[in-house]
Structure formats: structure tokens, C-alpha cells
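For the sequence shown, counting from 1, position 77 maps to 115 in this note's numbering; every step adds exactly one. Glycine included, every Cβ here is placed at the ideal spot set by N, Cα and C.
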Amino acid sequence: FFFSSRRRHTSSASVSWARRCVQETVLVVYKGLARKLPLFIGLPSANIQLSDRKKYREVCYPSHYNEFRRTPVLRGKPKYAFIDPLHFDFKHEGATGGIELYKNRIKDSQEYDIPLKMMAYVLYNCALKGIYDPELFEAFEEHMPMASSKTLTPRMAFGGVYAYYKSNCGSIEKLKYFLEPLLRGIDEVHVTEINDLGEAFLVNTQLPKSHFRNLLEAYYKPIILKNWNAEVKHFQGNIHRLALNFFKCESYDEQIWTKIIIEVMRRKSLANDRSLIDYYEMFTSLHTNPATPFNQKLAYQTYKLKKALTQTGKDWQYDTDKMKYLTHEELVNKFSKLTYEQCVALHNI
Numbered sequence: 039f040f041f042s043s044r045r046r047h048t049s050s051a052s053v054s055w056a057r058r059c060v061q062e063t064v065l066v067v068y069k070g071l072a073r074k075l076p077l078f079i080g081l082p083s084a085n086i087q088l089s090d091r092k093k094y095r096e097v098c099y100p101s102h103y104n105e106f107r108r109t110p111v112l113r114g115k116p117k118y119a120f121i122d123p124l125h126f127d128f129k130h131e132g133a134t135g136g137i138e139l140y141k142n143r144i145k146d147s148q149e150y151d152i153p154l155k156m157m158a159y160v161l162y163n164c165a166l167k168g169i170y171d172p173e174l175f176e177a178f179e180e181h182m183p184m185a186s187s188k189t190l191t192p193r194m195a196f197g198g199v200y201a202y203y204k205s206n207c208g209s210i211e212k213l214k215y216f217l218e219p220l221l222r223g224i225d226e227v228h229v230t231e232i233n234d235l236g237e238a239f240l241v242n243t244q245l246p247k248s249h250f251r252n253l254l255e256a257y258y259k260p261i262i263l264k265n266w267n268a269e270v271k272h273f274q275g276n277i278h279r280l281a282l283n284f285f286k287c288e289s290y291d292e293q294i295w296t297k298i299i300i301e302v303m304r305r306k307s308l309a310n311d312r313s314l315i316d317y318y319e320m321f322t323s324l325h326t327n328p329a330t331p332f333n334q335k336l337a338y339q340t341y342k343l344k345k346a347l348t349q350t351g352k353d354w355q356y357d358t359d360k361m362k363y364l365t366h367e368e369l370v371n372k373f374s375k376l377t378y379e380q381c382v383a384l385h386n387i
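Right, here's the structure in full:
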């Protein structure tokens, strides 16, 4: 009976006693980082200064694994053997202080002579968090020529390039310290990383569009074609992001766009696609732009997309001829002319 019962049998055990004894918490402080931990009866309630770094590292010191080996791709995204080497635990900023605390420690101690991979780590996570500090870029750039690059993997180099693109900080000449290692290890780059770089570059105001367009055609295109079936073909999000990046950078590579058009038009549930309007605008522009290899060749595709917009009822807020959303005044004027039956039919779509 003892082994068959589902009831917990720890009512008189020391483990259960320990659970019942937790009544308050104690503030643990270590190198400026504070966190509340359970306090047992009989322990002093004063703040505890930790000296054993290894014992309390998981509690008070945020860490990441510099492991760049990857397992097979899962759901279109690279999966690392342990964890992304650029990962920072933003979920526990209240306990760790966040990446801004790391940045402030570096600036207060003036320890800018660190390896390039750690520079990329700090700059990348600052860019993700929206922290822009030109002084930090300038201080790092002074030490970049002497900094070690032995452990700068393509993933870490990607973080540095991403930070330069998105933050609009730093010198364009110093971008080479991260861009060149990234291009040397281009075989380890994935399509999701190319999409991230494209989205970061679109907010950059220092570099011309030809910079990223040349990289797309010379370096990123072979990687996209190589990993198309594994990372793009069956993942609609990657297709949409890839199409937007190529379109906004004015890159009209016929081979890439042909694959994108085929994958978009082969969908059975095209009308349910949330990015339907984006595809309609891009394909219409490719069809009417004489500078593209698809000039006057996408009449059927644009017709199908326009028909899908009408069937889903999205045309009530979007003008397919002018390719723009209707303003509030235009919506009021449009609905004021509809009959009751038309409003009911529109509601049922």
C-alpha cells in the first residue's frame, strides 16, 4: 500500500521540514548584484556578502556558454549544442542588472582591452536592448587592432556586424574587424542570420543600400540556395523576411525571386496568409518596374493575389489599385454608401 499510494510520503521527512521552515527571504549581494534568497529559521537576517564565486555563480552571476557547435537545424533555425554563444538572459534583468550593468562596469573600470568576441557580445546585446552608446564604440575601436581574434567564430562576428548595422554607431572602417571573419566563415552562417542582418541594415543610415546588396549577391546568395530546402522552403516566416530584405535593398536576383514566387503561389491557403498585402505590393512592383527581370511577367501572380485580397475582405481597408491603406475619412465615406445587406455580407467574410 505504501508504494501504491499517490500521496506524498515526506510529511515527517527532513525535506518537508525544510520546506515548512521557509518564512522570509534574505538579500544576497555580490559585486553589486543583488538577489533575494530564502532564509531558514535560525540563520542571521543580515545581508550576506558572498565570497565563493563558484558556489553562487548560478544565483548571482549571469553566464553564457561559448559553445558554437550546432546540432541539425530545427524549424528553420540553427540549434546550438548547448546555447547560443550570443545569448544573454534578459528575463532576469531584475536580479542580474541586465546588459547595461555589464556596459557600465566596462566603462567604469576602463577595461576596453578585451577579445573581439567579447566586444561583439556586449555590442550585440546592447543593440538588441536598444542601448546606443557611441563612446563605448569609440573606446572599443581604439583597441580593436590589438585585440585577440583567435576565438572569434562566425556567430560571434555576426553579433558585431549586427550591432554596427542597427546601432548606427562606430566607424565604418572598423566594421571590417567583424565583417571579414564573418565572410571567411560564411559556410557556417544560416538564413535566419542573413535575415537578421538585413533587418538591422534597413535601419542603418550610414551605409548605402549597395553595401548590403553586394553582400547578398556575392556571399549570402550561395548560402540561401544551399540551405533553401532545409531553412526556407517550408518556413513561411523566413520566406517573407527574405523577400522583404531583397525588395527593400533593391536586389532583384532572378534565381532567388523565382524561388520565392514559386513558394508563395503554390500555397493552397494563400488567402489566409498574413503577409498577403506585402507580397501583392512586391510582386506588383516587380511586374511594373522595367529594371527587374520580371517586368510584365507576373500578371497572373498579381491577379491571383488581388483576388485573394478580395475574397478575404481585406480590400475594405486597403486600396489594391493605389496600394495603400484607406484613411479614416475614406473608410467613413466608403461605409456610408453601403446597404445593410452589404454590411452583413462584409461582416460574415
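For residue i, the three-state DSSP class (helix, strand or coil)
| i | result |
| --- | --- |
| Tyr-338 | helix |
| Asp-171 | coil |
| Asp-357 | strand |
| Cys-381 | helix |
| Ala-329 | coil |
| Asn-206 | coil |
| Tyr-290 | coil |
| His-125 | coil |
| His-468 | Residue 468 is absent from the structure shown; the chain starts at 39 and stops at 387. |
| Arg-305 | coil |
| Asp-225 | helix |
| His-130 | helix |
| Leu-245 | coil |
| Glu-62 | Its pLDDT being 46, under 50, Glu-62 is placed unreliably in this model, and the value from its coordinates should be taken loosely. Reduced to three states, the DSSP call for Glu-62 is strand. |
| Ser-186 | coil |
| Leu-324 | helix |
Exposure label - residue i; buried when at least 16 CB within 10 Å
| i | result |
| --- | --- |
| Gln-380 | exposed |
| Ile-262 | buried |
| His-130 | exposed |
| Ser-248 | exposed |
| Val-97 | The pLDDT assigned to Val-97 is 39, lower than 50, so where the model puts this residue is not dependable; a value taken from the coordinates is nonetheless given after this. Its Cβ having fewer than 16 others within 10 Å, Val-97 is exposed. |
| Ser-374 | exposed |
| Asn-371 | exposed |
| Ala-256 | exposed |
| Met-320 | buried |
| Glu-173 | exposed |
| Pro-219 | buried |
| Pro-82 | Confidence in Pro-82 is poor, its pLDDT being 37 and thus under 50, which makes the residue's placement unreliable; the coordinate value appears in the next sentence. Pro-82 comes out exposed. |
| Met-194 | buried |
| Ser-205 | buried |
| Leu-369 | exposed |
| Pro-183 | exposed |
| His-366 | exposed |
| Phe-128 | exposed |
| Glu-180 | exposed |
| Asp-234 | buried |
| Arg-312 | exposed |
| Leu-254 | buried |
| Pro-328 | exposed |
Selected residue, minimal CA-CA separation from residue i, among the options
| i | options | result |
| --- | --- | --- |
| Glu-288 | Thr-330, Tyr-258 and Lys-306 | Thr-330 |
| Met-157 | Glu-218, Tyr-203, Ser-187 and Asp-316 | Ser-187 |
| His-325 | Asp-316, Leu-314, Tyr-338 and Ile-315 | Tyr-338 |
| Leu-308 | Asp-291, Lys-286, Thr-296 and Lys-342 | Lys-342 |
| Gly-275 | Pro-183, Leu-314 and Thr-340 | Leu-314 |
| Glu-237 | Tyr-202, Trp-266 and Glu-218 | Tyr-202 |
| Lys-271 | Tyr-162, Ile-169, Tyr-290 and Arg-305 | Arg-305 |
| Asn-283 | Tyr-378, Lys-259 and Glu-211 | Lys-259 |
| Lys-345 | Thr-189, Tyr-317, Ser-323 and Tyr-200 | Tyr-317 |
| Cys-207 | Leu-245, Ala-268 and Thr-350 | Leu-245 |
| Ile-300 | Trp-266, Tyr-215, Phe-239 and Ser-323 | Trp-266 |
| Leu-217 | Glu-149, Val-199 and Thr-296 | Val-199 |
| Tyr-215 | Leu-336, Ile-144, Phe-175 and Ile-294 | Phe-175 |
| Tyr-162 | Lys-286, Thr-322 and Glu-231 | Glu-231 |
Beta-bridge pairing of residue i - partner residues as DSSP gives them
| i | result |
| --- | --- |
| Lys-362 | Asp-357 |
Residue i Cβ short of 8 Å to the ligand MN heavy atom set
| i | result |
| --- | --- |
| Tyr-200 | This structure lacks the ligand MN, and indeed carries no ligand of any kind. |
Anticipated Cβ contact below 8 Å, residue i with residue j, distance rounded
| i | j | result |
| --- | --- | --- |
| Ile-152 | Ala-177 | About 11 Å; that fails the 8 Å criterion. |
| Gln-355 | Leu-364 | 6 Å |
| Phe-196 | Val-241 | Between Val-241 and Phe-196 the Cβ distance is about 17 Å, and since that is not below 8 Å, they are no contact. |
Chain B contact for residue i (CB, 9 Å cutoff)
| i | result |
| --- | --- |
| Asn-206 | Included in the structure is just one protein chain, with no chain B present. |
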